[in-house]
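Residue numbers (the UniProt record's numbering), protein chains in the order written: chain Z, 1 to 90; chain V, 1 to 401.
Worksheet for the structure shown next.
Here it is as structure tokens:
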């Protein structure tokens, strides 16, 4: 499983989520994540249909790189941990 | 802008000289009373004033009571009261009431002057009611009744703060609440956040502080200039009922929009300008920050702050407009109007100041949660609806002085 994190330096919610993800990544060393700044990685953002108005956006991909979940905004750390543990084998 | 400055100048110069108020004047019982509503700086009013002086000499039985309405809200309300009683559309000044007849505007002696004289003759023949006397009698009765039946205590004892005057306390509280609702929008600080991200990459810390502070001050100045101009415009034309009604409708529309945002945008996403425009602003910011010449960078940041905030302001003009309308309803000394505008802006800018100083001191970007922006949509929406309804139906409840 892999999580694509879409954000921007000007997005207040993204700044809130940044340390949360850092903690999660420390707690779950098996987790693969990739961060994309939508102003820099315009093509990737376009491929995943990311809108500036719904930032931050987190796209959850399975082993075959198929999207199975998408979350927007500020998400609680506990909620994220639960989702990640539940989908660990995907 | 030039006209507004001239008008402000006239208003300030004349502030001391015209304290006309109905309760300060000795209303005559037997003579024919003429109620003359006028505005400082209105040329037609000046012409009618001259005419009324002449006619007063011709008919010694008449007595003229004049009410300046552009600066005196009590007189303005009295004019509205006259309009209601006479079933007249009081859309401007001069507005003259004689007996139960009224004349709106002034053309010349032959036309409007003749109408006024005819009304005087009618009143002298004792065939006309004195509407003005009826209203002032009611006003006096209302005053007595209000004093007797007032259910809201004038003072409240609050822990820590001690005894506070409810009338004096309401406007500061409302200012803080509206400023916070207008300002607490982490989504609106995208330009500042981007600027901070650029500033943090700078080696010259002094330059970093100066450019960031100048951006904040310029942003606040845009709001101050806009709100001051709006305030003076409303003080100038605010007596027109339709202005209040329009702002009341704006408040209702703003309230409806906020409630719609609350119920439909539950994901608390931030609405930002389109990618292309955003990229343009960012490119300009980068150019300004990297400008070798410090003064050019300073000038650039001021211009950009003005441009960006002006756009943001137009998008959220509802609350500042409603707030300034409330200020004009409260008959305050000039300095207090500006004090409340500054207080509003200070509260409005608090989140920006927090983010800026936190980043400058820790050299790390700090975000403000967008979690509560949804809640501010709900509270703001309800408050705007209440204010809108009050502006339309009970404006006197918003008069804090």
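For glycine and all other residues, C-beta sits at the position ideal for the given N, C-alpha and C.
Quick one: is residue 295 of chain V buried, meaning 16 or more other Cβ sit within 10 Å of its Cβ, or exposed? exposed
Using the Cα positions of residue 194 of chain V and residue 39 of chain Z, report the straight-line distance between them to the nearest angstrom. 11 Å
Within 8 Å, strictly: CB atoms of residue 77 of chain Z and residue 16 of chain Z: no
Whole angstroms is fine: what's the gap from residue 378 of chain V's alpha carbon to residue 182 of chain V's? 12 Å
Closer than 7 Å by beta-carbon distance: list the chain V residues that pair up with residue 16 of chain Z, in chain order. 367 and 369
Could you spell out the range, first to last residue, of the alpha helix (DSSP H) harbouring residue 351 of chain V? 334-362
Nearest chain Z C-beta to residue 208 of chain V closer than 8 Å, yes or no? no
Anything in chain Z within Cβ reach of residue 193 of chain V, meaning under 7 Å, just list it in chain order. 9, 10 and 12
Does residue 62 of chain Z have its Cβ less than 8 Å from a Cβ in chain V? no
For residue 150 of chain V, does the three-state DSSP call read helix, strand or coil? Reliability of the predicted coordinates at residue 150 of chain V is poor, the pLDDT of 40 falling under 50, and the value obtained from them is presented with this limitation in mind. Here residue 150 of chain V sits in coil by DSSP.
Delimiting residues of the alpha helix (DSSP H) encompassing residue 77 of chain Z: 77-86
Checking 8 Å against the spacing of the C-beta atoms, do residue 197 of chain V and residue 365 of chain V come in under that value? yes
Let me see if you follow: with CB-CB separation under 8 Å, is residue 39 of chain Z close to chain V or not? yes
Start-to-end residues for the beta strand (DSSP E) that takes in residue 62 of chain V: 62-68
Quick one: what's got a C-beta closer than 8 Å to residue 382 of chain V's C-beta in the same chain, skipping five residues either side? 255 and 259
Between the alpha carbons of residue 74 of chain V and residue 49 of chain V, how many angstroms are there, rounded? 21 Å
For the pair the segment 316-331 of chain V and the segment 226-238 of chain V, tell me if three or more CB-CB distances fall below 8 Å. yes
Contact residues within the segment 275-297 of chain V, judged by C-beta distance below 8 Å to chain Z: 275, 278, 279 and 282
Output needed for residue 310 of chain V: all residues of its chain with C-beta closer than 7 Å, excluding positions within five of it in sequence on either side, in chain order. 222
Indicate whether residue 78 of chain V and residue 65 of chain V have their beta-carbon atoms separated by less than 8 Å. no
If you count every other CB in all the chains shown that lies within 10 Å of the CB of residue 114 of chain V, and 16 or more means buried, which is it? exposed
Kindly say whether residue 197 of chain V, judged by its beta-carbon, lies nearer than 8 Å to any beta-carbon of chain Z. yes
Which residues in chain Z sit within 9 Å of residue 189 of chain V, going by Cβ to Cβ distance? 10 and 12
Give me the Cα-Cα distance between residue 350 of chain V and residue 87 of chain Z, rounded to the nearest whole angstrom. 41 Å
Could you tell me which uninterrupted alpha helix (DSSP H) segments, each at least 4 residues in length, are contained entirely in the segment 248-294 of chain V, listed from first to last along the chain? 275-289
Which residues mark the beginning and the end of the alpha helix (DSSP H) in which residue 207 of chain V is found? 205-237
Rounded to whole angstroms, what is the Cα-Cα separation between residue 21 of chain Z and residue 79 of chain Z? 12 Å
If we count the other Cβ atoms within 10 Å of its Cβ and call it buried at 16 or more, is residue 35 of chain V buried or exposed? buried
Report yes if the C-beta distance between residue 323 of chain V and residue 171 of chain V is below 8 Å; otherwise report no. no
Whole beta strand (DSSP E) elements within the segment 52-121 of chain V, 3-residue minimum: 62-68, 95-98 and 101-104
Looking at residue 398 of chain V and residue 251 of chain V, is the spacing between their C-beta atoms short of 8 Å? no
If you count every other CB in all the chains shown that lies within 10 Å of the CB of residue 76 of chain V, and 16 or more means buried, which is it? buried
Taking the alpha-carbon positions, what's the residue 13 of chain Z to residue 191 of chain V distance? 14 Å
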